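Residue 68 in UniProt numbering sits at position 68 of the sequence shown; the count goes up by one each step and never skips. Using N, Cα and C, we set each Cβ at its ideal position, and we do this for glycine too. Keep in mind the model is a prediction, meaning the values are calculated, not measured. Working notes, structure below.
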Amino acid sequence: MKTAISFGLLLFLLGTAFVRLKPIDTERAHHPLSFTENSKLAGGVERLADVNFEDLHNLILSEPRTRVLIGDLKEGRITYVTRSRLWGFPDLTTVQADLGTETAPLRIYARLVFGKSDLGVNSARVERWLSHLNTRDY
Numbered sequence: 001m002k003t004a005i006s007f008g009l010l011l012f013l014l015g016t017a018f019v020r021l022k023p024i025d026t027e028r029a030h031h032p033l034s035f036t037e038n039s040k041l042a043g044g045v046e047r048l049a050d051v052n053f054e055d056l057h058n059l060i061l062s063e064p065r066t067r068v069l070i071g072d073l074k075e076g077r078i079t080y081v082t083r084s085r086l087w088g089f090p091d092l093t094t095v096q097a098d099l100g101t102e103t104a105p106l107r108i109y110a111r112l113v114f115g116k117s118d119l120g121v122n123s124a125r126v127e128r129w130l131s132h133l134n135t136r137d138y
């Protein structure tokens, strides 16, 4: 019985370490967006949003456990990683602007890295950000 519990605990710790420590392929994560194709993948949500890129960037960085993975505002595309509180599962959000025009909406693509379902977490996060920006006075 003790062996089974010890083995279960070891598997749990190894799984947790794997999720938290496995490197994310930044080039693949930051690839130019193909929403129609990518949104069919597990846990993917896509949105077009008429909001200021810098305002959205600052709001995303205020999100707990979130950092820039790759990209910057000058490039017009940034991929962020947000980790879940308990397990540290990474979710990726890529925001892309059309640098050729001031009026084109931002393209936002949020998705999970592990698993097949995020239970709506990415969609809720993106909708919360957009709701916050759309209700602010500039």
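Does Ile60 pass the burial test, meaning 16 or more other C-beta atoms within 10 Å, or should it be called exposed?
buried
Secondary structure at Ile24, three-state DSSP: helix, strand or coil?
coil
When you compare each of Glu63, Leu56, Asp98, Met1 to Glu75 by their alpha carbons, which one comes out closest?
Asp98
How many angstroms separate the CA atom of Leu10 from the CA atom of Lys2?
12 Å
Below 8 Å CB to CB, which residues in the same chain sit around Glu54 once its five sequence neighbours on both sides are set aside?
Leu73
Taking the alpha carbon of Thr93 as the point to measure from, which residue in Arg20, Pro23, Leu21, Val113 has its own alpha carbon closest?
Val113
For Leu56 versus Trp129, is the C-beta distance shorter than 9 Å?
yes
In terms of residue numbering, what span does the beta strand (DSSP E) encompassing Ala110 cover?
106-112
Where do the ends of the alpha helix (DSSP H) carrying Ala49 lie?
Careful: Ala49 lies outside any alpha helix (DSSP H), inside the beta strand (DSSP E) at 45-49.
So, with DSSP's three-state summary, where would you put Leu73?
coil
Cα-Cα separation between Arg83 and Ala4, rounded to whole angstroms
30 Å
Which first and last residues belong to the beta strand (DSSP E) in which Leu92 is found?
90-96
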